[in-house]
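Everything on this sheet refers to the single structure shown next.
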Amino acid sequence: MTTREDQKAVLDFVVEISDTRHLDQVLKAVERVEGVITARRMRAWQERS
Numbered sequence: 001m002t003t004r005e006d007q008k009a010v011l012d013f014v015v016e017i018s019d020t021r022h023l024d025q026v027l028k029a030v031e032r033v034e035g036v037i038t039a040r041r042m043r044a045w046q047e048r049s
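The sequence shown begins at 1 in the numbering used here and counts up one residue at a time.
So this is what it looks like as structure tokens:
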């Protein structure tokens with residue numbers, strides 16, 4: 001976990017999924033958690049914003 005200057009935390013998770021439909025379901029479930037602003041797929045070569 002890292003904390004940005006704006007006091008928001010960035011958490012990275014590694015999850016195993018069966019297909020892209022499952023990934024979509026997982027991301028939507030995470031976004032429904034109270035306090036979560038966004039959940040998105042990141043690839044190893046992508047930088048965080």
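Using N, Cα and C, we set each Cβ at its ideal position, and we do this for glycine too.
- Looking at the DSSP output, T2 shares a beta bridge with V10.
- In this chain, the alpha helix (DSSP H) harbouring E31 covers 20-31.
- Distances from the CA of R43 to each of A9, F13, R4 were compared; the closest alpha carbon is that of F13.
- Excluding its 5 nearest sequence neighbours in each direction, T38 has C-beta neighbours in its own chain below 8 Å: E31, listed in chain order.
- For L23, same chain residues with a beta-carbon under 6 Å away, outside a window of 5 residues either side, are I17 in chain order.
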